[in-house]
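Position 112 of the sequence shown, counting from 1, maps to 111 under numbering that gives the first Met the number 0, and the rest follow consecutively.
Beta carbons are placed, not taken as given, at the ideal position from N, Cα and C, and that holds for glycine.
All values reported here derive from a predicted model rather than from experimental measurement.
Some notes on the structure that comes next.
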Amino acid sequence: MSHASCTALISVPSALRHVLAGSGAAVVLMTAATAYAQPVDQVCQKTLNGISICDVARDVAGKTAAQLTPATPPAAPPGATQAMRYTRVYAQSNQVVLVGQLSSDPVAMAQGFASSGKTLDQAREEMILAGRQSACAPASRPFIDAGGAIRMTVNFPDGSPFMDTVYARC
């Protein structure tokens, strides 16, 4: 897997775009600090095609972050839709971290999903499953299988969490 193909790690599958579009909310992904079960130096010893998994995560995050140009709002990374945009992507050890925030509060989100016959919890579960499908897609699975991870945390505007998921296994 080349560094260029690593950028597919953050693509948003159509199922997730559908869930987000159905809510009527603009979504941005956000993260918090991560605790690791292994020391960082041990995690970074894992490799993908001879390259440290942490270096791969930094490369992917850097290339993706470079696409996030605040001065040009129409510019969006691969997988972004009208209902979703990324505000920050960075690497933390072996993780590619997606950073952002929902534009709607929990009540508005619940009402948006209710109009499509879903609860907020059901929508959250669909987003988590769709994220797993994306993380485990052929373009990103080698990164996960080699010891990398993709972290996605979505918060409401007030900072309260909507979801926080780390995809570390397929």
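6 Å Cβ shell around Arg140 - same chain, five flanking residues per side excluded
Counting from 1 along the sequence shown, the entry for residue 140 is found at position 141. By the criterion of a C-beta distance shorter than 6 Å, Arg140 is surrounded in its chain by Cys169, once the five residues flanking it on both sides are discounted.
Taking Ala145 as part of the alpha helix (DSSP H), name the residues at either end of that continuous run.
Numbered from 1 along the sequence shown, position 146 holds the residue referred to as residue 145. It is not in any alpha helix (DSSP H) - Ala145 carries neither H nor E in the DSSP assignment.
In or out: Gly111 buried (at least 16 other Cβ within 10 Å) or exposed?
Taking the first residue of the sequence shown as 1, we reach residue 111 at position 112. Under this definition Gly111 is a buried residue.
Looking at the structure shown, is Gln66 part of a helix, part of a strand, or coil, going by DSSP?
The sequence position of residue 66 within the sequence shown is 67, counting from 1. In the three-state scheme derived from DSSP, where H, G and I count as helix and E and B as strand, Gln66 is classed as coil.
My output table needs one value for Asp163: the three-state DSSP class, helix, strand or coil.
Stepping through the sequence shown from its first residue, residue 163 is reached at position 164. Strand.
What is the residue span of the beta strand (DSSP E) that Gln91 lies within?
As a position in the sequence shown, residue 91 is number 92, starting the count at 1. Note, Gln91: beta strand (DSSP E), 87 to 91.
Just tell me which of Ser114, Phe142, Ile149, Asp58 has its CA closest to the CA of Ala129.
The residue labelled residue 129 in the question sits at position 130 within the sequence shown. For Ala129, the nearest C-alpha among the options comes from Ile149.
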